[in-house]
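Asks: My questions all concern the structure below.
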Amino acid sequence: MKELRLQVNVPFYTIAISIVITLLAISAVVTNSHDNLLLKNAMILSFILVSAINVNLVLALSGKRKASLCNNGLHYVSALGRRVYIPVEQITHIAVKKYCGIKMTKISTSEVNIHFLSFQFSNLQELKLKKFGYLAQ
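The end of the sequence shown is residue 137 by UniProt numbering, with every number in the run present.
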């Protein structure tokens with residue numbers, strides 16, 4: 001099996017940004033009429049989340065943050081920029097689950113479980129992995 005590069009999970013970014021923008025709009029409307037510290041902190045938190053999501057998306061699209069699975073194992077770059085390699089011998093289970101239109105890829109090892117929300121397999125890659133017995137049916 002050749003290297004399978006996980007794709008950018010567009011529904012994840014779409015849903016995350018729409019939730020943050022909704023919170024931002026609600027807090028902006030309520031903050032104009034009231035001087036509440038909690039609502040102002042929610043607005044600041046919304047700006048921080050929007051910035052973090054944008055940076056993550058730009059890094060994913062530019063290739064600086066990526067994940068790929070091949071015969072030798074799993075290689076990915078974490079959100080903090082750390083390169084991580086997990087040999088195929090340590091991978092025990094790969095599962096793809098869908099929650100609210102977002103695909104979540106869960107890769108289990110003997111020590112930890114790794115969850116990818118911002119990356120996903122394409123439908124063709126999932127079919128190939130299921131055919132070869134790598135993905136849970």
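Idealized CB from N, CA, C, for every residue including glycine.
What are the complete beta strand (DSSP E) segments, minimum 3 residues, inside the segment 57-136?
Replies: 67-70, 73-77, 83-87, 91-99, 102-109 and 113-116
Asks: Expressed to the nearest angstrom, what Euclidean distance is found between the alpha-carbon atoms of THR22 and ALA28?
Replies: If you number the sequence shown from 1, residue 22 lands on position 22. If you number the sequence shown from 1, residue 28 lands on position 28. Computed Cα separation, rounded: 10 Å.
Asks: Using the Cα positions of ASN56 and ASN36, report the straight-line distance between them to the nearest angstrom.
Replies: Here residue 56 corresponds to residue number 56 of the sequence shown, with the count starting at 1. Here residue 36 corresponds to residue number 36 of the sequence shown, with the count starting at 1. Straight-line Cα distance between these residues: approximately 31 Å.
Asks: How close, in whole Å, do the beta carbons of LEU117 and ILE94 come, if the pair is a contact with beta carbons under 8 Å?
Replies: Taking the sequence shown and counting its residues from 1, the one referred to as residue 117 is at position 117. Taking the sequence shown and counting its residues from 1, the one referred to as residue 94 is at position 94. The pair is not a contact, with the Cβ atoms about 15 Å apart (cut-off 8 Å).
Asks: Return the CA-CA distance between VAL88 and LEU59, expressed in angstroms with no decimal places.
Replies: Position 88 of the sequence shown holds residue 88. Position 59 of the sequence shown holds residue 59. For VAL88 and LEU59, the distance between alpha carbons rounds to 26 Å.
Asks: Could you tell me which whole beta strand (DSSP E) segments of length 3 or greater appear in the segment 2-54?
Replies: none
Asks: Output yes or no for whether 8 Å exceeds the beta carbon distance between THR109 and VAL96.
Replies: Your numbering for residue 109 matches position 109 in the sequence shown. Your numbering for residue 96 matches position 96 in the sequence shown. No, the pair does not count as a contact, with Cβ atoms beyond the cut-off.
Asks: Report the option in ARG82, ASN72, SER62 and ILE17 whose CA atom is closest to the CA atom of ALA52.
Replies: Residue numbering aside, residue 52 sits at position 52 when the sequence shown is read from its first letter. Comparing alpha-carbon positions, the option among ARG82, ASN72, SER62 and ILE17 lying closest to ALA52 turns out to be ILE17.
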